[in-house]
Amino acid sequence: MSIVFDKPHALTDELMHYCPGCTHGIVHRLVAEVIDELDIEDRTVGIAPVGCAVFAYNYFACDMIEAAHGRAPAVATGVKRANPELVVFTYQGDGDLAAIGTAETVHAATRGENITVIFINNCIYGMTGGQMAPTTLPGQVTTTTPYGRKPKIQGNPIRVCEMLSTLDGVAYAARVSVDTPANVRTAKAAIMRGFRNQLARKGFSIIEVLSTCPTNWGLSPVEALSWLRENMIPYYPLGTYKDIDAAGGGRK
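Quick note on my numbering: the sequence shown kicks off at 7 and runs consecutively.
Have a look at this one:
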């Protein structure tokens, strides 16, 4: 009997700790599939900071380094510069990348560090109990915005891909989602592009993945997917925001 579907070699057999309906597991698999297909596991180093993906070192079979909260791009920069032949990726949530780690993210991007950033945007702090994140939508209820986020009080959400696409060092910035099979395939293609760019030494690549957090949203897994489509995608449109290989380099 031929095998038509199997676990990627770049994933371990460890059971994941994520909540039911959380889409971190899907993104983990996509990253692992790309590592397998590019045959780079033996020279790949992943950087996982604090957040829901703090235990990513248990799930990826490649070498992993744990970074302080928000400091994954800085650690990735050090690893890549120390050994440019390594393939280095960070795996970060919105509270990590776009809050405490904003400076590291922006400056690694503008320097054009040749790394690949996987950015999980679920509009909320997941691991610490559902507080407002930099990406929390206007009107969204969280534990720290019980009456909904009010831009005049808490400020506006950060659109990370739009911001980073203005920087000269960024080779590729794309926003994808994993809410449907078609979008999962598109997400994998974007992740593949981010890794290929690094192999071709093109500079900084970021793939923003819209993800669900059923537990802290207070929704079922199915309801969470619908909420993402109805609320997140209109505010965070999917697409390629910068691609140095495309004419004009704008969103497609």
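Using N, Cα and C, we set each Cβ at its ideal position, and we do this for glycine too.
- For D42, the enclosing alpha helix (DSSP H) begins and ends at 30-44.
- I130 sits in coil when the DSSP states are folded into three classes, being neither helix nor strand.
- Under DSSP, no beta-bridge partner is assigned to D185.
- Of all C-beta pairs linking the segment 238-245 to the segment 34-50, fewer than three are shorter than 8 Å, placing the two stretches out of contact.
- DSSP places Y97 within a strand segment (E or B) once states are collapsed to three.
- Distances from the alpha-carbon of G52 to those of C58, A73, A193 put A73 closest.
- Apart from the 5 residues on each side of it in sequence, G107 sits with its Cβ closer than 6 Å to the Cβ of G76 in its chain, given in chain order.
- Here the segment 52-64 makes contact with the segment 23-42; the two share three or more CB pairs at distances below 8 Å.
- The beta carbon of L92 sits closer than 6 Å to the beta carbons of R49, V51 from its chain, once the five residues preceding and following it are set aside; these are given in chain order.
- Shown here for L170: same chain residues with a beta carbon closer than 7 Å to its own, the five before and five after excluded, namely A115, V176, A179, I212 in chain order.
- By alpha-carbon distance to Q160, the top candidate from L143, L173, D174 is L143.
- Counting along the chain, the unbroken beta strand (DSSP E) around I53 starts and ends at 50-54.
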